[in-house]
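Numbering (the working numbering), first residue to last: 58 to 213.
Yeah, the Cβ is synthetic: ideal placement off N, Cα and C, and Gly gets one too.
Just so it is clear, the structure is predicted and the values come from calculations on it, not from any experiment.
Working notes, structure below.
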């Protein structure tokens, strides 16, 4: 049930409100978020408004809001590959590799020949594996060995 606020002659006022909010983005991202939320109250699946909300939230350092904006668009169109790519990049930016892998897998299910998604998905899987395996925290490879006693005996 898409509802839009109609202005003069039954024309949507959402594009004008989004343009006004866009002008505020660099000066005051928090104010941009407020302005865009007013548009989204009447038109929650407005592509331009949600993308602007994502940009403003990233600028204001509110990652949850940025992710929410893209997930809202995906509720309306779960197969929108452009939005999925944006969400994958966002998860990468915020070091959420597991979620990035899920997104890139969704993209390759929708479009198996999307080479960018395949590559980024593999990169995200590698980062997730390193994160879970403790590669970032380990001072040497020896810290990662499960059975250290066996390793010592093999080295001698």
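DSSP places residue 148 within a helical segment (H, G or I) once states are collapsed to three. The residues 145, 148, 149 and 181, in chain order, have a CB closer than 7 Å to that of residue 157 in the same chain once the five nearest residues on each side in sequence are set aside. Of the candidates 101, 104 and 109, 109 places its Cα closest to the Cα of residue 81. Nearest to residue 173 by C-alpha distance, out of 90, 86, 77 and 139, is 139. Assigned with DSSP and collapsed to three states, residue 102 falls in coil, not helix or strand. Judged by DSSP in its simplified three-state form, residue 168 adopts coil rather than helix or strand. Taking every protein chain shown into account, the CB of residue 134 has fewer than 16 other CB atoms within 10 angstroms, so this residue is exposed.
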